[in-house]
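I have placed the structure first, in the form of structure tokens, so that the comments after it can refer back to it.
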Amino acid sequence: MTPTLIGRWQTRILLLGTLGVLVTIPFSLNGESLYFQVLLAIAVLGCMWDIVYNQLQTLRWDHDWSAILQLAAGIWEAFFFYVPFKFLISSILKISWLSANIPLDKFLLHYSCIWLAVFTASQTLMRVIFPRWRFHGGEWFKTRKR
Numbered sequence: 008m009t010p011t012l013i014g015r016w017q018t019r020i021l022l023l024g025t026l027g028v029l030v031t032i033p034f035s036l037n038g039e040s041l042y043f044q045v046l047l048a049i050a051v052l053g054c055m056w057d058i059v060y061n062q063l064q065t066l067r068w069d070h071d072w073s074a075i076l077q078l079a080a081g082i083w084e085a086f087f088f089y090v091p092f093k094f095l096i097s098s099i100l101k102i103s104w105l106s107a108n109i110p111l112d113k114f115l116l117h118y119s120c121i122w123l124a125v126f127t128a129s130q131t132l133m134r135v136i137f138p139r140w141r142f143h144g145g146e147w148f149k150t151r152k153r
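Each step along the sequence shown adds one to the number in our numbering, with nothing skipped, and position 136 is 143.
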């Protein structure tokens, strides 16, 4: 499958909105909303990151990423989510309801669980249960061509 940018966004939001929430619930059972804030940041920053992925993908001869490259991308994404998350929230945006005080170890554990759940689902479950998704560039809702 060669995902379109809209397909990437739709799939990211769908998987983070379902699996991401299910994975985040056990982390936030002690009343911390911080993990849901991280999930929101992963969704928003991930959509921006998908623009970069989409451009890089056009440079590959087959215009697609292998599963091993997608898995390795999780390492880059973790770094590029953690650093901007702490920097943007505390220094630039100054959003009072969004806390930037998350220890690296808690972030990595939470992010790794989300990333592995989403990666595993997109590589296995989604391809089997939703074949239309796979053969239509990851799009759930077709965009109208003008």
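Ideal placement from N, C-alpha and C gives every residue a C-beta, glycine not left out. Note that the coordinates shown come from a computational prediction; the quantities given were computed from them, not determined experimentally.
For Asn61 against Arg15, the beta-carbon gap comes to about 7 Å, under 8 Å, which counts as contact. Within the region 33-95, complete beta strand (DSSP E) segments of at least 3 residues are not found at all. Under the Cβ criterion (8 Å, minimum of three pairs), the region 77-91 counts as touching the region 43-54. Per DSSP, Gly14 is one residue of the alpha helix (DSSP H) stretching across 12-22.
Counting along the chain, the unbroken alpha helix (DSSP H) around Leu115 starts and ends at 111-127. A distance below 8 Å separates the beta carbons of Ala74 and Gln130. Across the structure, Leu22 and Asp112 are spaced so that their CA atoms are roughly 23 Å apart. Only exposed fits Gly24, as fewer than 16 other CB atoms lie within 10 angstroms of its CB. Exclusion of the five residues before and after Glu146 leaves Thr11, Ile13, Gly14, Gln17 as the residues of its chain whose Cβ lies within less than 7 Å of its Cβ. With a threshold of 16 other beta carbon atoms within 10 Å, Ile109 meets it and is buried.
Contact between Tyr89 and Phe126 does not hold, since their C-beta atoms are separated by about 18 Å, which reaches or exceeds 8 Å.
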